[in-house]
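Mapped onto our numbering, the consecutive letters of the sequence shown carry residue numbers 71 to 380.
All residues carry an ideal CB built from backbone N, CA and C; glycine is no exception.
This structure is a prediction, so every number in the text was calculated from the model and none was measured.
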Amino acid sequence: MYQEAFTLIENSRKIVLVSHVAPDGDALGSALAFYLALQKKGKNVKIFNATKVLADKYDFLPGFDKITHTFPLNADLVIAFDCGSFDRLGITKGDFKTINIDHHKSNTHYADINIIDAAHASTSSVVFSVLQSFGIKISRDIASCIYTALAEDTNFFTTKNVTEQVFMLAATLTRMGADPAFVAAKLQHRDSLAKVRLNARFIDTIELKKDGKVAIGEVTESMFQQTGALRYDTTELVDILHNMSTVELGIFILTLPDGNFKLSLRSKTIDVSQIASKLGGGGHHHAAGLSVNKEKKEIILEKILDEVNV
Ligand SMILES: [Mn+2]
């Protein structure tokens with residue numbers, strides 16, 4: 071499959087790299103690593119994301135300023151990163167071939183070539199293998215992108231999929247020039263006061279269900295207006311729920327501008343990927359998400375609670 075992907079890339083004239091909407095560090099780091107690698111190969115390559123305002127904590131990633139929000143014309147190859155389903159790319163199907171590089175168990179294999187490996191802790195780890203198989207030298211900037219993605223997606227090497235191999239990869243990337251303390255400082259020590267104030271409002275909404283085994287909390291549209299926080303300031307809120315000692319499942323509810331909802335699920339043991347997939351979403355065993363129509367919020371919450379037999 072790596073060989074097929076390599077041939078397709080070699081034969082393509084205009085390549086666009088895309089990651090999922092509301093991208094996290096793994097989505098951006100993976101796409102940027104590939105971008106830098108293809109640029110070095112002399113390919114005509116562009117990097118696109120459908121979300122117009124990206125989290126500024128990623129602004130230190132090499133190539134961040136090259137990300138465009140207008141889908142380039144006349145692409146003959148689109149490569150998707152860290153994205154489990156085509157609709158999360160925020161683009162329409164076109165006259166181009168597709169490659170899908172990901173590590174989500176729930177990935178729907180929507181591309182012409184699908185390089186999906188759920189054994190990897192991050193999409194960037196898959197990207198590392200792919201670039202090595204292509205014989206591309208991993209520069210310091212590429213290593214930094216891959217490392218950042220790996221560190222963030224494993225919650226700084228604390229998730230259940232962190233193995234000896236993950237640390238070996240982190241060590242290799244560090245040897246190649248990634249700087250763990252620099253990355254940690256950029257990602258973790260740059261919160262705005264608005265974000266801290268949003269955390270406080272969110273914490274006030276938390277409710278426990280099922281004898282404290284399920285925690286639900288939400289952020290409404292008015293909280294953004296009250297605090298000045300931005301949508302991407304909410305990505306870690308679900309961890310506050312999941313971090314409580316009695317909680318097996320955290321459910322974070324985010325109200326979207328159109329009144330619909332996005333739910334993020336985090337669990338300690340149960341398979342939330344399966345729950346989310348049944349309801350039209352997807353993700354990993356311990357972390358998943360789904361979109362919910364405004365009329366269906368209570369019904370979907372009931373369904374999720376019914377799935378939890380704790
Ligand atoms: Mn990922």
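Separation of Thr-339 and Lys-283 (C-alpha to C-alpha, rounded to the nearest whole angstrom) is 12 Å. For Lys-373, the uninterrupted alpha helix (DSSP H) run begins and ends at 367 to 377, by DSSP. Cβ atoms of Thr-193 and Asp-182 stay farther apart than 8 Å, at about 18 Å. For Phe-156, there is no enclosing alpha helix (DSSP H), as DSSP marks it with neither H nor E. Within 10 angstroms of the beta-carbon of Ile-273 lie fewer than 16 other beta-carbons, which makes it exposed.
Residues of the same chain with a CB within less than 6 Å of the CB of His-355, apart from the 5 flanking positions on each side, are Asp-341 and Ser-343 in chain order.
Excluding residues up to 5 positions away in sequence, Ala-285, Ile-286, Gly-287, Ile-310 and Leu-311 lie with their Cβ nearer than 8 Å to the Cβ of Ile-276 in the same chain.
Here Asp-165 carries a coil assignment [DSSP, helix/strand/coil]. Annotated three-state conformation of Lys-348 is helix, per DSSP.
Distances from the CB of Thr-121 to the heavy atoms of ligand 1 are all 6 Å or more. Taking C-beta atoms under 8 Å as the contact rule, Val-115 and Tyr-105 qualify, at a distance of about 6 Å. Residue environment for Met-293: buried (at least 16 other C-beta atoms within 10 angstroms of its C-beta).
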